[in-house]
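Peer 1: Here it is: the structure, laid out below.
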């Protein structure tokens with residue numbers, strides 16, 4: 055048995071180069087690159103190893119640890135969890151900045167390899183620069199904050215520990231049921247320590263994503279449940295997309311005449327134009343999908359986690375008569391809502407289910423076409439909502455007065471409504487474009503209104519709804535899909551939260567498009583306040599004198615070196631999109647839109663923590679309405 059003498063960091067990089075994934079008979083490298091920000095904790099360890107021999111790994115230098123980790127998360131999502139990037143940081147603040155991104159990956163079941171440096175294993179120079187100290191334990195470091203948001207966490211304090219730790223890490227990273235962030239904290243002194251590693255540790259290793267079939271018992275139970283139903287509804291989650299089950303979903307819907315509704319993660323699994331696709335379901339869903347959910351006597355959940363936004367806080371369905379069939383690779387998720395479980399790969403499970411349902415037809419009749427037609431009429435109406443100086447009634451009623459809306463129109467120099475802009479943009483971008491969203495009011499408008507027939511053309515992070523994800527994600531998505539135009543749709547609040555990876559995109563020649571909807575505040579949260587009787591407080595961007603702030607975001611992008619456009623009309627938007635398509639550098643389209651001009655909810659309700667005691671009669675009345683709705687909610 056031969057050995058090779060390497061530092062711990064060199065062994066890590068060599069190992070990453072030899073990890074492959076096997077899916078449906080195809081093999082490809084699993085780790086494609088490393089995002090880095092070098093500091094004293096990793097520049098002489100992992101940094102030296104990457105300089106000396108990166109192998110096939112692409113190295114991209116990030117600007118913010120959270121940002122580059124979000125880019126890695128987005129890459130994994132766009133690649134359907136079949137390829138990943140690693141992320142290396144220094145100790146202390148660099149490590150701490152990973153926490154938000156790790157939580158985003160965990161909530162969305164997305165694999166990412168986080169490699170934060172740690173303090174000295176020897177403890178000889180303690181306390182080192184950027185080390186935190188605890189009176190009760192010298193063994194606690196900043197990296198312990200990552201334990202709660204990692205699927206697998208380990209600390210490497212000896213070179214030989216790397217071998218067993220990496221094997222365990224890649225088992226998790228390539229496990230469809232457990233995929234999530236893996237954090238390996240490597241002490242900064244250990245990164246440079248040498249060890250005689252077994253040469254076989256660096257052999258080419260293939261991790262197979264074998265598709266788990268349903269058992270005969272599961273298939274029998276599922277078949278009986280569907281055949282006993284009159285109006286089943288397919289709810290498509292992210293797991294269906296990762297399984298590439300689009301053809302099977304379409305086939306089942308067509309053969310059995312079953313309508314389809316989409317979660318945020320499942321949207322763009324099947325084309326928006328598909329006859330049976332009623333669009334998004336739940337709090338940010340369409341009228342069509344939510345009506346179907348109320349009428350359905352069976353929900354067939356395919357790869358969904360049934361979050362509160364999907365279930366309208368468990369009020370979307372008639373729990374007195376509706377049953378649930380849950381198809382999921384995760385046993386935990388399959389048990390949701392007390393459903394009948396099929397713990398299996400979505401694609402394989404649907405193939406088998408279709409065989410068993412030969413001759414079955416639902417009783418939806420013409421109702422599916424009617425629901426979709428009426429929703430498309432409503433969508434068309436929203437595209438023509440225009441602002442007026444007098445008598446304007448926004449979709450979100452009872453919020454700002456006409457005078458307040460006029461104030462915003464004057465301050466921002468615009469009369470554009472958010473829904474009209476979004477629907478116009480949908481018509482302007484290339485048919486195969488990828489749009490990205492995450493937080494604020496845009497995800498609701500996008501799930502309801504955005505139509506794409508392009509596979510994975512809709513990339514929404516709504517498992518964690520993390521502000522600041524969007525622009526970093528655009529970098530990751532473009533790395534995953536270099537031949538498609540990528541658009542990050544972001545509010546001004548999220549832009550201010552984190553846009554540093556726009557610089558990274560420019561530095562590395564990765565062309566992304568940022569579409570910034572500026573309504574001078576946190577419009578989504580302001581809506582929540584005012585809908586519950588509270589005056590808008592702390593959510594508007596006003597200066598110390600009370601004036602609405604008109605920030606020139608385009609100038610920021612221009613300062614970085616991007617091509618920027620200022621949009622105040624639909625025609626200017628068209629010109630900006632058309633020109634931006636042919637640019638080789640990243641672009642930013644700054645669009646001033648009026649607040650309170652997003653879509654309303656359709657047959658949905660969100661359970662929030664509302665005040666049970668308040669002086670305001672409006673708040674008291676809102677609380678009464680809320681608790682009346684709460685009585686109908688289930689607690690499965």
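Residue numbers (our numbering): 55 to 690.
Beta carbons: idealized from backbone N, C-alpha and C, even for Gly.
Just so it is clear, the structure is predicted and the values come from calculations on it, not from any experiment.
Between which two residues does the alpha helix (DSSP H) carrying residue 580 extend?
Peer 2: For the purposes of this step, residue 580 is identified with residue 526 of the chain shown, where counting begins at 1. Its alpha helix (DSSP H) spans residues 577-585.
Peer 1: Can you give me the start and stop residues for the alpha helix (DSSP H) that residue 627 sits inside?
Peer 2: Here residue 627 is taken as the residue at index 573 of the chain shown, counted from 1. Taken as a continuous stretch (DSSP letters only), the alpha helix (DSSP H) holding residue 627 covers 624-635.
Peer 1: In the DSSP assignment, find the unbroken beta strand (DSSP E) run with residue 182 in it and report its ends.
Peer 2: Taking the first residue of the chain shown as 1, we reach residue 182 at position 128. Element bounds for residue 182: n/a, residue is neither H nor E.
Peer 1: Could you pull the start and end residues of the beta strand (DSSP E) that residue 355 belongs to?
Peer 2: Within the chain shown, the letter at position 301 stands for residue 355. Unbroken beta strand (DSSP E) run through residue 355: 352-356.
Peer 1: Taking only three categories from DSSP, how would you classify residue 429?
Peer 2: Within the chain shown, the letter at position 375 stands for residue 429. Residue state, collapsed to three classes: helix.
Peer 1: Is the beta carbon of residue 369 closer than 7 Å to that of residue 713?
Peer 2: With the chain covering only 55 through 690, there is no way to say anything about residue 713.
Peer 1: Please name the residue, chosen from 292, 612 and 520, that lies closest to residue 492 on a Cα-to-Cα basis.
Peer 2: Here the question's residue 492 lines up with position 438 in the chain shown. Cα-wise, what sits closest to residue 492 is 520.
Peer 1: Provide the residue span of the beta strand (DSSP E) that contains residue 80, from first to last.
Peer 2: Position 26 of the chain shown, counted from the start, is the residue given in the question as residue 80. Taken as a continuous stretch (DSSP letters only), the beta strand (DSSP E) holding residue 80 covers 80-83.
Peer 1: What three-state label does DSSP hand residue 100 in the structure shown?
Peer 2: Within the chain shown, numbered from 1, the residue matching residue 100 stands at position 46. Three-state result, residue 100: helix.
Peer 1: Mapping the DSSP letters down to three states, classify residue 609 as helix, strand or coil.
Peer 2: Translated into positions along the chain shown, residue 609 becomes position 555. Three-state result, residue 609: helix.
Peer 1: Of the residues 438, 106, 434 and 659, which one's Cα is nearest the Cα of residue 688?
Peer 2: The residue labelled residue 688 in the question sits at position 634 within the chain shown. Checking every option, the nearest Cα to that of residue 688 belongs to 659.
Peer 1: When the distance is taken between beta carbons, is residue 333 closer than 7 Å to residue 343?
Peer 2: If you number the chain shown from 1, residue 343 lands on position 289. If you number the chain shown from 1, residue 333 lands on position 279. Result yes, Cβ atoms of residue 343 and residue 333 sit closer than 7 Å.
Peer 1: Looking at the structure shown, is residue 393 part of a helix, part of a strand, or coil, going by DSSP?
Peer 2: Taking the first residue of the chain shown as position 1, residue 393 is located at position 339. Three-state result, residue 393: coil.
Peer 1: Tell me the start and end of each unbroken beta strand (DSSP E) in the stretch 550-579 that is at least 3 residues and wholly inside, in chain order.
Peer 2: Listed in chain order, the complete beta strand (DSSP E) runs (minimum 3 residues) inside the stretch 550-579 are 567-572.
Peer 1: Identify every residue that forms a DSSP beta bridge with residue 140.
Peer 2: By 1-based counting over the chain shown, the position of residue 140 is 86. In the DSSP output, where bridge partners are listed per residue, residue 140 has 88 and 167.
Peer 1: Is it true that the stretch 596-615 meets the stretch 451-459, where meeting means three or more beta-carbon pairs spaced less than 8 Å apart?
Peer 2: No: the two stretches stay apart, fewer than three of their Cβ pairs being nearer than 8 Å.
Peer 1: Measuring CA to CA, which of 179, 611 and 629 is closest to residue 641?
Peer 2: On the chain shown, residue 641 is found 587 positions in, with the first residue counted as 1. Of the candidates 179, 611 and 629, the one whose C-alpha sits nearest the C-alpha of residue 641 is 611.
Peer 1: So, for residue 414: in the same chain, excluding its five sequence neighbours on each side, which residues have a beta-carbon less than 7 Å away from its beta-carbon?
Peer 2: Taking the chain shown and counting its residues from 1, one reaches residue 414 at position 360. 280, 281 and 310.
Peer 1: How many angstroms separate the CA atom of residue 615 from the CA atom of residue 417?
Peer 2: Here residue 615 refers to the residue found at position 561 of the chain shown. Here residue 417 refers to the residue found at position 363 of the chain shown. Answer to the nearest angstrom: the Cα atoms are 58 Å apart.
Peer 1: Give the secondary structure of residue 620 by DSSP, where H, G and I count as helix, E and B as strand, and everything else as coil.
Peer 2: Residue 620 sits at position 566 when you count from the first residue of the chain shown. Note: residue 620 maps to strand in three-state DSSP.
Peer 1: So, is residue 324 buried or exposed, given that buried needs 16 or more other C-beta atoms within 10 angstroms?
Peer 2: Position 270 of the chain shown, counted from the first residue, corresponds to residue 324. Buried.
Peer 1: Which value, in whole angstroms, describes the spacing of the CA atoms of residue 371 and residue 663?
Peer 2: If you number the chain shown from 1, residue 371 lands on position 317. If you number the chain shown from 1, residue 663 lands on position 609. If you take the alpha carbons of residue 371 and residue 663, they lie about 22 Å apart.
Peer 1: Have a look at 58, 485, 353 and 508 and flag the residue whose alpha-carbon is nearest the alpha-carbon of residue 393.
Peer 2: Numbered from 1 along the chain shown, position 339 holds the residue referred to as residue 393. Measuring from the Cα of residue 393, the nearest candidate turns out to be 353.
Peer 1: Verify whether the separation of the beta carbon atoms of residue 558 and residue 116 is less than 7 Å.
Peer 2: Within the chain shown, numbered from 1, the residue matching residue 558 stands at position 504. Within the chain shown, numbered from 1, the residue matching residue 116 stands at position 62. Taking 7 Å as the Cβ cut-off, residue 558 and residue 116 qualify as a contacting pair.
Peer 1: Checking 7 Å against the spacing of the C-beta atoms, do residue 401 and residue 297 come in under that value?
Peer 2: For the purposes of this step, residue 401 is taken as the residue at position 347 of the chain shown. For the purposes of this step, residue 297 is taken as the residue at position 243 of the chain shown. Yes; because the gap between Cβ atoms is below 7 Å, this pair is in contact.
Peer 1: Out of 177, 650, 517 and 69, point me to the one whose CA is closest to residue 446's CA.
Peer 2: Working through the chain shown from its first residue, we reach residue 446 at position 392. Nearest of 177, 650, 517 and 69 to residue 446, Cα basis: 650.
Peer 1: Contact between the stretch 196-208 and the stretch 263-278: three or more CB pairs below 8 Å?
Peer 2: Touching, no, given that fewer than three Cβ pairs across the two stretches are closer than 8 Å.
Peer 1: Report the partner residues of residue 545 according to the DSSP bridge assignment.
Peer 2: Here residue 545 refers to the residue found at position 491 when the chain shown is read from its first residue. Looking at the DSSP assignment, residue 545 forms a beta bridge with 571.
Peer 1: I'd like to know whether the C-beta atoms of residue 242 and residue 171 end up nearer to each other than 7 Å.
Peer 2: Walking along the chain shown from the start, residue 242 turns up at place 188. Walking along the chain shown from the start, residue 171 turns up at place 117. Going by C-beta atoms, residue 242 is nearer than 7 Å to residue 171.
Peer 1: Run the CB neighbour count on residue 82, radius 10 Å, all protein chains shown included, and call it buried at 16 or more, exposed below.
Peer 2: On the chain shown, residue 82 is found 28 positions in, with the first residue counted as 1. Under this definition residue 82 is an exposed residue.
Peer 1: Can you have a look at residue 327 and say buried or exposed, based on whether 16 or more other CB atoms are within 10 angstroms of its CB?
Peer 2: Residue 327 sits at position 273 when you count from the first residue of the chain shown. Counting Cβ neighbours within 10 Å, residue 327 comes out exposed, since fewer than 16 surround it.
Peer 1: Could you tell me the boundaries of the alpha helix (DSSP H) in which residue 311 lies?
Peer 2: Taking the first residue of the chain shown as position 1, residue 311 is located at position 257. Per DSSP, residue 311 belongs to no alpha helix (DSSP H) and is neither H nor E.
Peer 1: For residue 154, I'd like the list of residues in its chain whose CB is within less than 7 Å of its CB, leaving aside the five on either flank, ordered along the chain.
Peer 2: Against the chain shown, residue 154 aligns to sequence position 100. Taken in chain order, the residues that qualify are 120 and 520.
Peer 1: Looking at C-alpha atoms only, which residue of 599, 548, 577 and 94 is the closest neighbour of residue 590?
Peer 2: Start at 1 with the first residue of the chain shown, and residue 590 comes out as number 536. When only C-alpha atoms are compared, the closest one is 577.
Peer 1: In its own chain, which residues sit with a C-beta less than 6 Å from the C-beta of residue 188, not counting the 5 before and 5 after it?
Peer 2: On the chain shown, residue 188 is found 134 positions in, with the first residue counted as 1. So the list reads 194, once near-sequence residues are dropped.
Peer 1: According to DSSP, is residue 614 part of a helix, a strand, or is it coil?
Peer 2: Working through the chain shown from its first residue, we reach residue 614 at position 560. Three-state result, residue 614: helix.
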